[in-house]
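These notes are about the structure you will find just below.
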Amino acid sequence: MCQREEVQTWEEGKSSDTQKWSSLEHKGPYFPPEYEPLPDNICFYYDGQPMKLSPATEEIVTFYAKMLDHEYTSKEVFQCNFFSDWKEEMTKEERKLIKMLSKCDFSQIHKYFVEKSEERKNMTKEEKQVLKEEASRLMEEYGFCLLDGHREKIGNFKLEPPGLFRGRGEHPKMGKLKKRIQPEDVTINCSQDSKIPAPPAGHRWKRVQHDNTVTWLASWLENIHGRPKYIMLNPSSKLKGEKDWQKYETARRLKMKVDSIRKQYRRDWTSREMKSRQRGVAIYFIDKLALRAGNEKDDESADTVGCCSLRVEHITLHRRLDGQEHVVEFDFLGKDSIRYYNKVPVEKQVFKNLKLFIKHKDPEDDLFDRITTVKLNKTLNECMPGLTAKVFRTFNASTTLQDQLNKLTTGKILSYNRANRAVAILCNHQRAAPKTFEKSMQLLQEKIQKKKEQIEEAKKELKEAKKAHKDKAVQRLSEQLKKLQLQETDREENKVIALGTSKLNYLDPRISVAWCKKHQVPVEKIYNKTQRDKFAWAIDMTDENFQF
């Protein structure tokens with residue numbers, strides 16, 4: 001498709017040649033405490049009768065009991081997966097007795113944990129201080145490493161405790177048991193001349209390696225998907241900052257190449273070769289709609305797809321719809337089982353090609369049957385070193401943010417959130433409405449109503465007194481009302497949109513920092529402490545004139 005250039009690739013956790021470290025020493029991960037059995041007076045009931053469970057079985061019961069007031073436990077898939085995994089951990093005797101989830105009574109255990117939660121909330125200042133000191137001690141012991149002689153913060157030094165998998169959207173594996181990670185599951189990475197971290201007493205590590213081309217300190221396979229997970233350096237570390245900068249610079253370089261790439265994929269739409277036509281339309285979708293490329297999944301995974309793995313059943317073609325011509329209606333499950341639904345007018349030649357691609361195919365057949373994700377990314381890499389579908393996504397997300405910020409003029413933070421929201425919608429970053437949404441909106445609306453009443457009262461007093469300071473009072477109250485109304489609009493618009501994912505992973509932070517400096521908005525209003533640490537490199541180096 002494009003003239004061959006030198007290819008640069010990035011793998012998960014890999015560093016570039018300039019990022020190799022010489023020495024790395026750390027204490028290894030912190031393992032969560034072992035399970036503490038329930039008090040004797042707190043019982044699990046089966047078919048109305050109290051039942052004493054083995055510690056392993058009882059621990060899994062507590063995971064479910066803690067979630068009784070959550071909507072997850074009302075879902076059939078969650079219930080089925082939980083019961084299936086729970087039975088596998090039961091003793092033979094328990095398995096003989098416990099046959100149906102509907103006969104299980106977790107209510108007393110649920111009540112016990114609700115009371116424990118309330119106790120924690122009502123702890124004295126002294127008791128909270130003891131917990132704070134213990135957290136500081138653990139951070140000091142496990143939360144830092146020595147990297148090339150420098151003390152660097154570690155990102156996630158605490159291993160996740162066992163529990164029940166929730167997933168996002170309607171994930172088919174929700175409710176499955178996330179098993180306890182043991183030292184025997186963990187591979188340690190450190191330098192050869194360092195002091196190797198000691199495993200917990202009575203245990204040993206799966207393996208100890210000395211690989212300075214990766215940036216992780218420990219790794220293991222999680223049991224839900226069988227994928228590797230890592231303990232990494234904190235986002236604020238020098239290596240992480242360099243990698244972040246490099247990622248956004250690659251996306252920024254695309255700006256210089258994107259016109260030629262767009263011209264080429266348009267030429268491909270009329271190619272004699274079906275493979276070229278499919279590739280051209282796929283790259284158009286990745287560019288225009290910020291679709292993920294998509295990867296092959298095993299049979300047990302959720303039926304999630306990306307651009308290259310779209311099937312005929314995932315699109316519907318409309319010659320005319322809602323007053324627009326050549327509309328493609330998309331409906332499929334994307335990453336994390338989040339539904340992607342969109343009706344998009346496309347160029348006439350794209351529409352004609354799609355009709356050609358689906359001709360004589362069944363609904364379950366691949367839309368793009370002549371291309372793969374690997375081949376697509378290889379083609380993109382030939383156009384520009386380091387270019388992948390994800391870089392396209394980052395480029396379009398950052399470009400959208402920059403364009404929106406240049407246009408919007410409503411209240412400053414509302415403008416920023418609206419620009420961020422445009423990106424989140426482009427990238428299909430959704431979330432369920434927070435459980436507290438209705439209550440928090442009600443409180444906010446009550447504040448707005450009260451403020452309106454205060455303004456009316458102040459206006460009456462102004463009319464009677466005709467004094468300047470009353471006029472100022474009305475003005476001050478009006479400004480406060482405007483802020484509250486902006487908050488209401490912002491909160492309502494963000495109800496089911498997840499702004500954080502794009503902000504942390506797809507938006508060049510220099511755009512946000514430059515906007516803050518130009519409009520005198522404190523960076524703290526956009527990024528929290530953890531995010532400011534991650535993007536410290538951008539905050540330090542960016543002035544108000546930066547444009548993506």
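In case it helps, the UniProt record's numbering puts the sequence shown at residues 1 to 548. Just so it is clear, CB atoms sit at the ideal spot from N, CA and C, and this is done for glycine as well.
Going by beta carbons, Lys-179 and Pro-197 fall outside the 7 Å limit. Asn-528 is the residue among Gln-520, Asn-528 and Leu-24 whose C-alpha sits nearest the C-alpha of Leu-504.
The shortest C-alpha to C-alpha distance from Arg-252 to any of Leu-477, Lys-412, Ala-397 and Glu-461 is the one to Ala-397. Pro-199 is positioned such that its CB atom lies closer than 7 Å to that of Pro-183. For Asp-193, the closest alpha carbon among the candidates His-210, Val-186, Arg-204 and His-203 is that of His-210.
Under the 8 Å Cβ criterion, the segment 517 to 536 counts as touching the segment 235 to 249, having at least three qualifying pairs. Within the same chain, His-314 and Tyr-341 come within 7 Å of Asp-331 by CB-CB distance, once the 5 residues on both sides are set aside.
In this structure, Lys-229 places its C-beta atom within 7 Å of the C-beta atom of Trp-220. By the criterion of at least three beta-carbon pairs nearer than 8 Å, the segment 345 to 359 is not in contact with the segment 241 to 260. Nearest Cα to Asn-189 within the set Glu-170, Arg-204, Asn-212 and Met-174: Asn-212. In this structure Ser-23 is in contact with Leu-146, their Cβ atoms being roughly 7 Å apart against a cut-off of 8 Å. Cβ neighbours of Pro-509 within its own chain (closer than 7 Å, five residues either side excluded): Phe-535 and Ala-538.
Taking 8 Å as the upper bound for CB-CB distance, Glu-325 and Pro-345 are in contact here, some 7 Å apart. Exposed is the label assigned to Val-130, since fewer than 16 other Cβ atoms lie within 10 Å of its Cβ. The distance from the Cβ of Leu-177 to that of Leu-164 is about 6 Å, consistent with a contact at the 8 Å cut-off.
DSSP places His-110 within a helical segment (H, G or I) once states are collapsed to three. In the three-state scheme derived from DSSP, where H, G and I count as helix and E and B as strand, Pro-235 is classed as coil. The three-state secondary structure of Glu-94, taken from DSSP, is helix. The straight-line gap separating the alpha-carbon atoms of Ile-413 and Ser-502 is approximately 17 Å. Our two residues, Gln-520 and Glu-544, have alpha carbons roughly 10 Å apart in a direct line. Sixteen is the threshold: when 16 or more other Cβ atoms of the shown chains lie within 10 Å of the Cβ of Gly-28, as they do, the residue is buried. Cys-307 and Asp-362 have their C-alpha atoms spaced approximately 18 Å apart. Judged by DSSP in its simplified three-state form, Leu-68 adopts coil rather than helix or strand. Burial check for Val-374: the Cβ neighbour count within 10 Å stays below 16, so the residue is exposed.
Counting along the chain, no alpha helix (DSSP H) covers Thr-187; the unbroken beta strand (DSSP E) around it starts and ends at 187 to 189. Counting the other CB atoms within 10 Å of its CB gives Gln-278 a total of 16 or more, which places it among the buried residues. By the Cβ-count criterion, Met-123 is exposed, with fewer than 16 other Cβ atoms from all chains shown falling within 10 Å of its own Cβ. In the DSSP assignment, Ala-389 falls outside any beta strand (DSSP E) and lies within the alpha helix (DSSP H) extending over 389 to 407. For the pair Pro-39 and Lys-52, the Cα-to-Cα distance works out to about 11 Å. Separation of Lys-96 and Ser-337 (C-alpha to C-alpha, rounded to the nearest whole angstrom) is 35 Å. It is roughly 10 Å from the alpha-carbon of Lys-132 to the alpha-carbon of Glu-126. The beta carbon of Glu-94 sits closer than 6 Å to the beta carbons of Thr-57 from its chain, once the five residues preceding and following it are set aside; these are given in chain order.
In the three-state reduction of the DSSP assignment, Val-327 falls in the strand class.
Lys-343 has Glu-329 as its beta-bridge partners, per DSSP.
By the C-beta density criterion, Lys-518 is exposed, having fewer than 16 other C-beta atoms within 10 angstroms.
The C-alpha of Thr-399 is placed about 15 Å away from the C-alpha of Lys-247.
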